[in-house]
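Basically the working numbering = 1-based index in the sequence shown + 22.
See structure below.
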Amino acid sequence: MTETETTSVDNLEGEGTWERNGNTLTFDGSIIDIDVDVPLGDTMEMGEATIVELTDTTLRLVQIVNEEVTEEGITVSVDLTSEIVLTRQ
């Protein structure tokens, strides 16, 4: 099953620490916490993303997550590609 979802969020707030190494952004905490309707389980974290655009007003991140999740005896393979665009007003 393949699903695409686009969501706009105004006034995004979060908390945590981050570190940049080249075009990789690694973060800890709830810097970006978005609710999606896929079975990601309780342990999946958005800890690393690739910076694909960085300007004075825009930060565009892409993250790829590949994980197997088992819930109630059923194992599901989750392949998730997310693109997050943050715009400074």
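Where is the CB? At the ideal position from N, CA and C, for every residue including glycine.
Query raised in the report: Given a threshold of 16 other Cβ atoms within 10 Å of its Cβ, counted over all protein chains shown, does L47 qualify as buried or as exposed?
Result: A buried status is given to L47, since no fewer than 16 other beta-carbon atoms sit within 10 Å of its beta-carbon.
Query raised in the report: How long is the line joining the alpha carbons of D78 and E93, rounded to whole angstroms?
Result: Near 43 angstroms, if we compare the C-alpha coordinates of E93 and D78.
Query - Which of helix, strand or coil DSSP assigns to D101 - result: Here D101 sits in strand by DSSP.
**Report entry** Inter-residue CB distance, L102 and V87 (contact presumed, cutoff 8 angstroms)
**Finding:** At roughly 4 angstroms, the Cβ-Cβ gap stays under 8 angstroms, so L102 and V87 are in contact.
Requested in this report: Take T28 as the anchor and find which of R110, I106, Q111 has the nearest alpha-carbon.
Outcome: Selected option, being the one with the closest Cα: I106.
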